[in-house]
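Chain order of the listed sequences is H and U.
Mapping the first sequence onto our numbering, position 197 (from 1) lands on 200, and the numbers just tick up by one.
Mapping the second sequence onto our numbering, position 35 (from 1) lands on 22, and the numbers just tick up by one.
C-beta: ideal position from N, C-alpha, C; glycine also.
Owing to the predicted nature of the structure, the values given are computational and were not obtained by experimental measurement.
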Amino acid sequence: MNISRRHLLILLPAAAVAWKYVEAGTPEASPNYQMSEHWWGMLINIPKCIGCGNCVRACQTENDVPDGNFRTWVERYHVTDTEMTTPEVISPDGGKEGFPVADEDAGKYFFVPKMCNHCADSPCTQVCPVGATFISPDGVVLIDQTYCLGCGYCVQACPYGCRYLHPTKHVADKCTLCYHRITKGLTTACCEACPTGARQLADLKDPNDPIHEFLKTHPVQVLKPQMATGAKAYYFGLDGSVR
Amino acid sequence: MKDAGHLFRFAGLFVVAFLVFLVVRGYVVPKTFGQYGHYRGAAIGEIAQYPVKFAGHQACESCHSDIADTKTKGAHAHVNCEACHGALFQNLPAPAQPKGNLYERFVALIVPPTPPDAPLLLHADDPTSVIPVKPDTLVLCARCHTASAAKLKSFPQVDPTVHMGGVPCETCHNPHSPAIGSDTSSSPTPAGTK
Chain H
4 MNISRRHLLI
14 LLPAAAVAWK
24 YVEAGTPEAS
34 PNYQMSEHWW
44 GMLINIPKCI
54 GCGNCVRACQ
64 TENDVPDGNF
74 RTWVERYHVT
84 DTEMTTPEVI
94 SPDGGKEGFP
104 VADEDAGKYF
114 FVPKMCNHCA
124 DSPCTQVCPV
134 GATFISPDGV
144 VLIDQTYCLG
154 CGYCVQACPY
164 GCRYLHPTKH
174 VADKCTLCYH
184 RITKGLTTAC
194 CEACPTGARQ
204 LADLKDPNDP
214 IHEFLKTHPV
224 QVLKPQMATG
234 AKAYYFGLDG
244 SVR
Chain U
-12 MKDAGHLFRF
-2 AGLFVVAFLV
8 FLVVRGYVVP
18 KTFGQYGHYR
28 GAAIGEIAQY
38 PVKFAGHQAC
48 ESCHSDIADT
58 KTKGAHAHVN
68 CEACHGALFQ
78 NLPAPAQPKG
88 NLYERFVALI
98 VPPTPPDAPL
108 LLHADDPTSV
118 IPVKPDTLVL
128 CARCHTASAA
138 KLKSFPQVDP
148 TVHMGGVPCE
158 TCHNPHSPAI
168 GSDTSSSPTP
178 AGTK
């Protein structure tokens, strides 16, 4: 193989740059964090939610969520006695700036914060053709955005509508359960910003987590249990009209 | 048997193609693919490296212990600092690309450098230059406390137009301990205006 001096001069720096990337390797997760010791979920206490939109704004700030897309959002249900199965649901801009005032009238109003359920048997990870989305060993559904093709199968497969295609990155995007925070011992941005404690991060493998006592003593529900997704967003006080 | 030569040649070709496939696969498939399952294991560590913007109330309380003490006595004891004050980080402008020496500039010609992301700086790291904006209580308090039939009856709610008529909430309430007449020693309002 003949390499001219000119070619060598071009190749050497390129090889040097490539070698830098090889040397850099892959960043380690936080020290002292063992994936096998955690199994993450979320507890959502519906009566406590006041629809302030703090969680939506905090999530957008923490995770640079593009405008018009949501990793978490809040819906307001209005259920009347005669229309139990067809509630009126609103979520103006994901509930980011709150909701219009609800007048006293027939029926009831309540807020339902929604987010990725981090399903243990998630339909979205099963349909990915390239292995770009997966359930981490600690139970968080994540996306490897360097691997994602942006085909959108997972967006269609999620029964909860929790995924979207990022408008500029052109790959799938979703709630990471603030994985960069929970692996450092912090709670998620939405939980940190919730003023009423309506959201609580839960570690189901931590015997000292208050989630165990709560689940023992309170009736909880997951969204769309008939889908058998193994959802880990547990809702307390969920109305039957919520879809 | 003498005619079987072409079969051996074909088999040889097949073996060579398979070896080439194995070599190419070894280079193309990321090292950590399959470490935990059918995905790139290193992606988990990469996602865990994203920058944190909400520092958490513990970070605030390590300096502002007086406010933390006031808060524990009041109705806002469980409202975290950043729920009202916003995330503790601020985006700083991205630093200018260093010119570098001749070699680095030559490398940059071949491999265009990716511009570094704007660094994140937390108020907790640099309290003097990164100062959180003081929230406007007329907007902030109304977000939670505007009366609505959708909220629990036990949650304190007011009609903002009737209740204060444009007077900022902190005139009467200390946001850190909102009951009137409660400890206002660390109130943002100057003493005497209560």
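Considering only C-alpha positions, which residue in the set 109/H, 165/H, 124/H, 169/H is nearest to residue 67/H?
-> Of the candidates 109/H, 165/H, 124/H, 169/H, the one whose C-alpha sits nearest the C-alpha of residue 67/H is 169/H.
Measure how close the beta-carbons of residue 116/H and residue 23/U come, nearest whole angstrom, since I'm counting them as under 8 Å.
-> About 30 Å separates the two Cβ atoms, so there is no contact after all.
Could you tell me whether any Cβ in chain U is nearer than 8 Å to the Cβ of residue 147/H?
-> Closer than 8 Å to some Cβ of chain U, the Cβ of residue 147/H qualifies, so yes.
State the CB to CB distance for the pair residue 127/H and residue 161/H, rounded to an integer number of angstroms; the pair is presumed to be in contact (CB under 8 Å).
-> Going by Cβ atoms, the distance from residue 127/H to residue 161/H rounds to 5 Å, so yes, they are a contact pair.
Are any of the Cβ atoms in chain H nearer than 8 Å to that of residue 186/U?
-> Coverage of chain U is limited to positions -12 through 181, which leaves residue 186/U absent and any answer about it impossible.
May I ask you to report which of helix, strand or coil DSSP gives residue 10/H?
-> Helix, per DSSP.
Alpha carbon of residue 140/U to alpha carbon of residue 57/U, nearest angstrom = Computed Cα separation, rounded: 26 Å.
Under 9 Å by beta carbon: chain H residues contacting residue 10/U = Result: empty, since nearest Cβ-Cβ is about 17 Å, beyond 9 Å.
Between the C-alpha atoms of residue 172/H and residue 61/U, what's the straight-line distance to the nearest angstrom?
-> Whole-angstrom Cα-Cα distance: 45 Å.
Cα separation between residue 212/H and residue 14/H?
-> Distance between the alpha carbons of residue 212/H and residue 14/H: 56 Å.
Does the stretch 34 to 50 of chain H come close enough to the stretch 202 to 211 of chain H to have 3 or more Cβ pairs within less than 8 Å?
-> Contact holds: three or more Cβ-Cβ distances are below 8 Å.
Residues that residue 131/U contacts on chain H, provided the C-beta gap is smaller than 7 Å = What residue 131/U touches in chain H: 53, 55, 198.
Segment limits, beta strand (DSSP E) that includes residue 205/H = Unbroken beta strand (DSSP E) run through residue 205/H: 202 to 206.
Chain-ordered neighbours of residue 140/U on chain H, where CB pairs are closer than 8 Å | The premise fails here: residue 140/U is roughly 11 Å from chain H at the closest Cβ pair, so nothing lies under 8 Å.
With DSSP run on the structure shown, which of helix, strand or coil describes residue 58/U?
-> Taken through DSSP and simplified to helix, strand or coil, residue 58/U comes out as helix.
Same chain, Cβ closer than 7 Å to residue 201/H, five either side skipped, listed in chain order = 47, 48, 51, 52, 116.
Where residue 77/H sits in the DSSP three-state scheme | Three-state result, residue 77/H: strand.
Roughly how many whole angstroms lie between the Cα atoms of residue 31/H and residue 204/H?
-> Low local confidence applies: a pLDDT of 47 at residue 31/H is under 50, so the model's placement there is unreliable, and no value is given.
So with Cβ pairs under 8 Å, would you call residue 65/U a contact of chain H?
-> It does; some Cβ of chain H falls within 8 Å.
Beta-bridge partners of residue 146/H, as assigned by DSSP = Bridge partners of residue 146/H: 136/H.
DSSP beta-bridge partners of residue 92/H = 80/H, per the DSSP bridge assignment.
Residue 35/U in three-state terms, based on DSSP = Reduced to three states, the DSSP call for residue 35/U is helix.
What runs of the beta strand (DSSP E), each 3 residues or longer, lie entirely inside the stretch 115 to 176 of chain U?
-> Counting whole runs of 3 or more residues, the stretch 115 to 176 of chain U contains no beta strand (DSSP E) stretch at all.
Closest by C-alpha distance to residue 177/H, when choosing among 80/H, 110/H, 121/H, 89/H = Closest by alpha carbon: 121/H.
Assign residue 182/U to buried or exposed, taking buried as 16 or more other Cβ atoms, counted over all protein chains shown, within 10 Å of its Cβ.
-> Missing from the structure shown is residue 182/U; chain U here goes from -12 to 181 and no further.
Among 159/H, 89/H, 175/H, 11/H, the one whose alpha carbon lies nearest that of residue 147/H = Of 159/H, 89/H, 175/H, 11/H, the residue nearest in Cα terms is 175/H.
Can you give me the start and stop residues for the beta strand (DSSP E) that residue 236/H sits inside?
-> Its beta strand (DSSP E) spans residues 236 to 239.
Taking only the alpha-carbon atoms, compute the straight-line gap between residue 143/U and residue 162/U and give it to the nearest angstrom.
-> A straight-line Cα-Cα distance of about 14 Å links residue 143/U and residue 162/U.
Grab the span of the alpha helix (DSSP H) containing residue 111/H for me, first residue to last.
-> Segment 111 to 118 is the beta strand (DSSP E) holding residue 111/H; no alpha helix (DSSP H) there.
First and last residue of the uninterrupted alpha helix (DSSP H) at residue 262/H = The question about residue 262/H has no answer, for chain H in this structure spans 4 to 246.
What does residue 166/H reach in chain U if we use C-beta pairs closer than 7 Å?
-> Correct list: empty, because the minimum Cβ distance to chain U is about 15 Å.
For residue 30/H, which three-state DSSP category applies?
-> Note that residue 30/H scores a pLDDT of 45, beneath 50, so its modelled location is shaky; the value from the coordinates is reported in the next line. Looking at residue 30/H - three-state DSSP - the assignment turns out to be coil, as it is neither helix nor strand.
Cα-Cα separation between residue -1/U and residue 9/H, rounded to whole angstroms | If you draw a straight line from the Cα of residue -1/U to the Cα of residue 9/H, it comes to about 39 Å.
Using 8 Å as the limit for Cβ to Cβ distance, is residue 18/H near chain U?
-> False, the Cβ-Cβ gap to chain U never drops below 8 Å.
Just the C-alpha distance for residue 110/U and residue 190/H, rounded to the nearest angstrom, thanks.
-> Cα to Cα, residue 110/U sits roughly 19 Å from residue 190/H.
Please work out which residues of its chain come closer than 8 Å, Cβ to Cβ, to residue 180/U, disregarding the five sequence neighbours upstream and downstream, and give them in chain order.
-> Only weak support is given to the placement of residue 180/U: the predicted model assigns it a pLDDT of 35, under 50, and the value that follows is read from those uncertain coordinates. Excluding positions up to five away in sequence, the list reads 158.
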